[in-house]
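Residue numbers (this note's numbering): 119 to 311. Positions of the beta carbon are idealized from the N, C-alpha and C atoms, including for glycine. What follows is a set of notes on a single structure, which appears directly below.
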């Protein structure tokens with residue numbers, strides 16, 4: 119058996135074990151695993167709106183996967199992608215509610231600052247790895263907590279919408295990525311991922 123087939127069969131076995139364990143847990147709570155699986159599939163792929171919604175929710179995961187591949191190609195095991203996503207997302211939102219720019223430029227400015235914020239955040243553990251040979255797994259995991267709390271602080275205190283709860287001012291429509299379909303919020307961010 120060649121290496122590719124062995125790796126693929128390992129993935130299939132892992133998925134099978136996960137489904138089996140899930141089925142056992144579902145049976146333990148008194149439900150039908152087949153019915154639960156069918157409900158799950160209908161909820162994710164039941165019609166075109168649900169498929170578009172699933173793709174919309176998948177987009178950030180795809181972008182994080184691309185970021186992980188870039189880090190792995192560079193020899194760095196980056197577990198801090200969640201923090202980079204949070205800070206990049208907040209940076210894009212900040213451009214979206216702080217500046218009034220023409221539609222295409224506003225979107226590109228938000229994307230550029232999001233990428234720069236995520237890259238700047240991962241540059242900190244990368245610097246410590248290069249300079250002091252620190253373990254990037256530990257430093258990037260710890261950076262996740264800092265980034266999430268920092269984003270919360272920005273949202274709740276520094277950039278809170280006047281008179282609102284813990285939310286930023288509204289993001290201008292010119293900063294949004296264009297939607298692919300009229301029946302869904304699925305946008306061209308999917309192509310980025």
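Under a 10 Å Cβ-count criterion, residue 126 is classified as exposed, with fewer than 16 other Cβ atoms of the shown protein chains found around its own Cβ.
Fully contained in the segment 130–186 are the following alpha helix (DSSP H) runs of length 4 or more, in chain order: 151–163. By DSSP's assignment, residue 305 forms a beta bridge with 297.
For the options 196, 191, 240, the alpha carbon positioned closest to that of residue 206 is the one of 240. Taking residue 180 as the centre and dropping the five residues before and after it, the same chain places the C-beta of 311 closer than 6 Å to its C-beta, in chain order.
Under the DSSP assignment, residue 218 falls outside any alpha helix (DSSP H); it carries neither an H nor an E label. Our two residues, residue 229 and residue 263, have alpha carbons roughly 23 Å apart in a direct line. Counted as a single uninterrupted DSSP element, the stretch harbouring residue 292 is not any alpha helix (DSSP H), since DSSP gives it neither H nor E. Buried is the label assigned to residue 254, since at least 16 other Cβ atoms lie within 10 Å of its Cβ. Residue 259 is not a Cβ neighbour of residue 171, given a cutoff of 8 Å. Assignment of residue 262 by DSSP, reduced to helix, strand and coil, places it in the helix class.
With a threshold of 16 other beta carbon atoms within 10 Å, residue 146 falls short and is exposed.
With at least 16 other beta carbons inside 10 angstroms of its own, residue 202 counts as buried. In its own chain, leaving out the 5 sequence neighbours on each side, no residue places its CB closer than 7 Å to the CB of residue 251. Secondary structure at residue 284: coil, using DSSP grouped into helix, strand and coil.
Distance between residue 273 and residue 215, taken at the CA atoms: about 12 Å. Beyond the five residues adjoining it in sequence on each side, residue 299 comes within less than 7 Å, by CB distance, of 170 in the same chain, given in chain order.
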